[in-house]
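J.:
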Amino acid sequence: MFLGRGVLPPLLPTLVDSLSITLSSAGVGLSVLWVSYAVAHYPGGRFADHLTRKTPLVASVGAILCGFVLLITVPTYPTFLLGVTLVGLGHGLYWPSSRGLIADLFVRRRSQALGIQVSAAAAGNALSAGVVVAALSVATWQASFVPTLLGLACIGFLLHRWNRESYSVSKVELDVVPTVRRLFTTRRMLVLMGSYCLFVFAWLGVMNFLPSFLHAEKDFSLTVASSAYALFYGVGIVVSPLAGNLGDRLPRLPLASGMLLVTAAGAVVFLLAESFAIVVVGVVLFAAGIWAFPPVMQASMLASFPDESMASDFGALKTVYTAVGATGPAYVGIVAQRFGYTVAYAPFGACLVVSAVGLLVVHRIDRA
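My numbering puts the sequence shown at residues 39 to 406.
Listed below in structure tokens is the structure:
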């Protein structure tokens, strides 16, 4: 599932040429993917709370399959936008249901369980760079999505067979206004949301253009840039479970704040470095902070929600911070086309530092 979405950033230079589009148009396309992903989170959470977890999980796999089929069969920019929209909606529907299922199964070691799931997602994304290189070597860019289609078909079948829940289809009230009042009327939640929005804005802005940045600004070949992109996710495979384990033992908000500072330091290093080795060190530092953050923060958020509305409350929060963060790729595409990637990436370090300070403010509110 994450393999297919992860294929898009390494494919970006090829897509720009193949679809005859500009860099800013490519950035808009990636933002459409992430906005669609964000929009589906809240209804996905409501479905997970009021239907069975199995129902939205299997439906989401079907939506993602349809999106990737479109990307393969009709390679034009409008169908590219439609395809990434379906992929985003499917991922957004899947996310709160899967997190709700994990929260149901793991209570005492929730951070660790989330860390393992984030690690699995990173593994899928890490494989994407190799898939792109192999596909472009022996076929066309559309072949990059074939492993994802096969994997999704297997996942859908296994979810259908192994999940013992029944399917449930009924009318579900979204209750948007009560949810907004419950979640977004306290200073604590507003600061927490602002911090997470800044984190996701920086993360999506950097990650979606990382191979293109390394190729254009650091003179990495496309193969080496794709390998560095794979390394970014490879770090996540190791770091996320370790961070989740720490999140079950230490105060989560200060720990997450420290991770954001590590991320900011990594961004500064790979932006300013000239030598290959130091750029790679910066990418590793950035990746370590990025992948350590979600399991710790998500466990902290889940612990603050009532069980009966856990998935929908979390889905509502993720809808907001992912929608804000989804503007990151469009911002980078537009600014980089005019001024270069270094100028586009420069504000992200400040975003991460401000986000870290915000989490410490929330921690202080909790202790007051």
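We put the beta carbon where it would ideally sit given N, CA and C, even for glycine.
When we look at the beta-carbon of Val321 and count the other beta-carbons within 10 Å, is it buried (16 or more) or exposed?
T.: Buried, because 16 or more other Cβ atoms sit within 10 Å of the Cβ of Val321.
J.: For the alpha helix (DSSP H) that Trp200 lies in, which residues bound it at each end?
T.: Its alpha helix (DSSP H) spans residues Val184 to Trp200.
J.: So is Pro94 buried or exposed if we call it buried at 16+ other beta carbons inside 10 Å?
T.: Result: buried.
J.: Hey, would you say Pro48 sits closer than 7 Å to Pro249, going by beta carbons?
T.: Yes.
J.: In the structure shown, what three-state DSSP assignment does Gly130 receive?
T.: Reduced to three states, the DSSP call for Gly130 is helix.
J.: Near Lys356, what residues of its chain come up, given a Cβ to Cβ distance below 6 Å and the 5 sequence neighbours on each side ignored?
T.: Correct list, in chain order: His79.
J.: Leaving out five residues on either side along the sequence, give the residues of the same chain with a beta carbon under 7 Å from the beta carbon of Ser347.
T.: Counting only Cβ-Cβ distances below 7 Å, and skipping sequence neighbours, we find Asp87.
J.: Which one of Gly67, Ser62, Ser157 and Val392 has the shortest CA to CA distance from Tyr271?
T.: Nearest of Gly67, Ser62, Ser157 and Val392 to Tyr271, Cα basis: Ser157.
J.: Along the alpha helix (DSSP H) that carries Ser393, what are the first and last residues, could you check?
T.: That run of the alpha helix (DSSP H) goes Tyr379 to Arg405.
J.: Where does Ile102 land, buried or exposed, given buried means 16+ other C-beta within 10 angstroms?
T.: Buried, because 16 or more other Cβ atoms sit within 10 Å of the Cβ of Ile102.
J.: Does any C-beta atom of chain D lie closer than 7 Å to the C-beta of Thr93?
T.: The structure shown contains no chain D; it holds only a single protein chain.
J.: Have a look at Ser98 and Val73 and give me their C-alpha separation to the nearest angstrom.
T.: In a straight line, the C-alpha of Ser98 is about 16 Å away from that of Val73.
J.: Could you pull the start and end residues of the alpha helix (DSSP H) that Val319 belongs to?
T.: Residues Phe314 to Ala341.
J.: Let me know the secondary structure DSSP gives Asp257 once reduced to three states.
T.: Three-state result, Asp257: coil.
J.: What's the C-alpha gap between Ala181 and Ser264?
T.: Whole-angstrom Cα-Cα distance: 17 Å.
J.: How far does the alpha helix (DSSP H) with Phe106 in it reach, from first residue to last?
T.: Lys92 to Thr111 is the span of the alpha helix (DSSP H), which, as asked, contains Phe106.
J.: Between the C-alpha atoms of Val96 and Lys256, what's the straight-line distance to the nearest angstrom?
T.: Taking the straight line from one Cα to the other gives about 42 Å.
J.: Which residues bound the alpha helix (DSSP H) around Val291?
T.: Per the sequence presented here, residue 291 reads as Leu, with Val not at that position. Unbroken alpha helix (DSSP H) run through Leu291: Arg290 to Leu310.
J.: Confirm, please, whether the CB-CB distance from Val210 to Phe85 is below 7 Å.
T.: Result yes, Cβ atoms of Phe85 and Val210 sit closer than 7 Å.
J.: Under 7 Å Cβ to Cβ from Val277, same chain only, skipping five residues before and after it: list those, please.
T.: Here the set comprises Ala326, Trp329 and Ala330.
J.: Of the choices His253, Gly232, Leu299 and Met335, whose alpha-carbon is the least far from that of Asn283?
T.: The candidate whose alpha carbon is nearest that of Asn283 is Met335.
J.: Within 10 angstroms of the Cβ of Ala315, are there 16 or more other Cβ atoms? Answer buried if so, exposed if not.
T.: Result: exposed.
J.: What are the start and end residues of the alpha helix (DSSP H) that includes Pro216?
T.: That run of the alpha helix (DSSP H) goes Val214 to Leu221.
J.: Does the beta-carbon of Phe195 have 16 or more other beta-carbons within 10 angstroms, so that it is buried, or is it exposed?
T.: Counting Cβ neighbours within 10 Å, Phe195 comes out exposed, since fewer than 16 surround it.
J.: By the 10 Å Cβ neighbour count, where 16 or more other Cβ atoms means buried, how is Cys192 classified, buried or exposed?
T.: When all chains shown are included, Cys192 counts as exposed.
J.: With a threshold of 16 other CB atoms inside 10 Å of the CB of Pro116, please say whether the residue is buried or exposed.
T.: It counts as exposed.
J.: Grouping DSSP H, G and I as helix and E and B as strand, with all else coil, what is Asp345?
T.: Looking at Asp345 - three-state DSSP - the assignment turns out to be helix.
J.: Thinking Met231 and Tyr359 are a contact (beta carbons under 8 Å), I'd like their distance in whole angstroms, please.
T.: At roughly 6 Å, the Cβ-Cβ gap stays under 8 Å, so Met231 and Tyr359 are in contact.
J.: Is Leu89 helix, strand or coil by DSSP?
T.: Coil, per DSSP.
J.: Is Val276 helix, strand or coil by DSSP?
T.: Helix at Val276.
J.: Buried or exposed: which applies to Tyr379, given that a residue is buried once 16 or more other Cβ atoms fall within 10 Å of its Cβ?
T.: Buried, because 16 or more other Cβ atoms sit within 10 Å of the Cβ of Tyr379.
J.: Looking only at its own chain, which residues have a Cβ that is under 6 Å from the Cβ of Gly33, when we skip the five neighbours before and after it?
T.: Because residue 33 is not part of the residues shown, which for the chain are 39 to 406, the question remains open.
J.: Taking 6 Å as the limit between beta carbons, can you name the residues of its chain near Gly105, skipping five residues before and five after?
T.: The answer, listed in chain order, is Gly121, Leu124 and Val125.
J.: Taking the CB atoms as reference points, tell me whether Ala64 and Leu50 lie closer together than 7 Å.
T.: Against a cut-off of 7 Å, the Cβ pair of Leu50 and Ala64 comes out as a contact.
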